[in-house]
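Engineer: Here the sequence shown is numbered in full-length UniProt numbering, starting from 1 and rising by one per residue.
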Amino acid sequence: MLLSDEDTPPADHDQLFDRYHPVLFAYIRSYAHSREDAEDITLDAFTIALENSDIITWERPRQLAWLKRVAHNKLMERSRHLRRHPVLALDPRADTIPDSSTPEQMALRNESYSQLRLYIRQLPPLQQRLLLLRYGQGLPTLEIATLLQKSNQATRKLLSRTICSLRTMYAHSPEKKGER
1 MLLSDEDTPP
11 ADHDQLFDRY
21 HPVLFAYIRS
31 YAHSREDAED
41 ITLDAFTIAL
51 ENSDIITWER
61 PRQLAWLKRV
71 AHNKLMERSR
81 HLRRHPVLAL
91 DPRADTIPDS
101 STPEQMALRN
111 ESYSQLRLYI
121 RQLPPLQQRL
131 LLLRYGQGLP
141 TLEIATLLQK
151 SNQATRKLLS
161 RTICSLRTMY
171 AHSPEKKGER
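1) Could you please give the first and the last residue of the uninterrupted alpha helix (DSSP H) stretch that includes N110?
2) To which residues of the same chain is D40 closer than 7 Å at the C-beta, ignoring the five residues directly before and after it?
3) For L131, I'd like the list of residues in its chain whose CB is within less than 7 Å of its CB, leaving aside the five on either flank, ordered along the chain.
4) Can you tell me the Cβ-Cβ gap for Y20 and L75, rounded? I've got them flagged as a contact below 8 Å.
5) Are T155 and L148 close, meaning C-beta to C-beta below 8 Å?
6) Count the other CB atoms, across all protein chains shown, that sit within 10 Å of the CB of R134; report buried if there are 16 or more and exposed otherwise.
7) Could you work out which residue in I144, Y27 and L16 is closest to D54 when comparing CA atoms only?
8) Taking the straight line between their C-alpha atoms, what separation do you get for L24 and E104?
9) Determine the extent of the alpha helix (DSSP H) in which Q127 is found, giving its start and end residues.
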């Protein structure tokens with residue numbers, strides 16, 4: 001009995017990615033909080049698959065089951081992390097400024113943006129670049145880690161510390177002291 005192309009195991013990790021990426025991404029996206037999280041977790045799962053040379057020799061159902069298990073574990077890890085470290089807005093006022101374009105609201109928004117730019121300029125160059133890559137260019141942390149030649153975990157920690165630094169700057173700003 002001849003096996004069709006669909007039934008044969010992939011010959012290398014590129015074929016593994018091509019075959020399972022859409023399925024795995026759809027699976028992860030159905031549980032992830034955002035598309036960005038789903039992309040990061042999908043890349044994490046395939047990165048782990050690259051480290052496992054035996055996966056190429058497995059049969060197709062076992063490969064998919066293994067990839068889904070890795071993705072599930074990564075989803076749980078992300079969920080636990082978000083429970084321990086909830087995501088907060090950099091500036092609580094950002095949620096209260098309406099989107100309408102009255103002159104007062106535009107002035108408040110511009111003032112907030114200029115204050116944020118000032119705080120970002122006070123950060124070290126590496127942290128400034130990290131913010132540009134993550135929020136300016138929308139890159140996932142795995143790609144940023146590659147560009148910065150750091151591990152994914154180190155990049156995530158640096159991003160977290162950078163955001164905490166910005167929050168601290170906001171908390172100690174002269175405007176905040178005047179509001180108390």
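Note that beta-carbon positions come from the ideal geometry of N, C-alpha and C, so glycine has one too.
Structural biologist: The short version:
1) On the sequence shown, residue 110 is found 110 positions in, with the first residue counted as 1. N110 -> alpha helix (DSSP H) spans P103 to R121.
2) Walking along the sequence shown from the start, residue 40 turns up at place 40. Answer for D40: P140, T141 and L142, listed in chain order.
3) Within the sequence shown, numbered from 1, the residue matching residue 131 stands at position 131. I120 and T162.
4) For this step, residue 20 is matched to residue 20 along the sequence shown. For this step, residue 75 is matched to residue 75 along the sequence shown. The pair is not a contact, with the Cβ atoms about 16 Å apart (cut-off 8 Å).
5) For the purposes of this step, residue 155 is taken as residue 155 along the sequence shown, with counting starting at 1. For the purposes of this step, residue 148 is taken as residue 148 along the sequence shown, with counting starting at 1. In this structure, L148 lies closer than 8 Å to T155 by Cβ.
6) Taking the first residue of the sequence shown as 1, we reach residue 134 at position 134. Looking at its Cβ environment, which holds 16 or more other Cβ atoms inside 10 Å, R134 is buried.
7) As a position in the sequence shown, residue 54 is number 54, starting the count at 1. Nearest option by C-alpha distance: L16.
8) Translated into positions along the sequence shown, residue 24 becomes position 24. Translated into positions along the sequence shown, residue 104 becomes position 104. Cα to Cα, L24 sits roughly 47 Å from E104.
9) Residue mapping note: residue 127 aligns to position 127 of the sequence shown, counting from 1. Per DSSP, Q127 belongs to the alpha helix (DSSP H) from P125 to L131.
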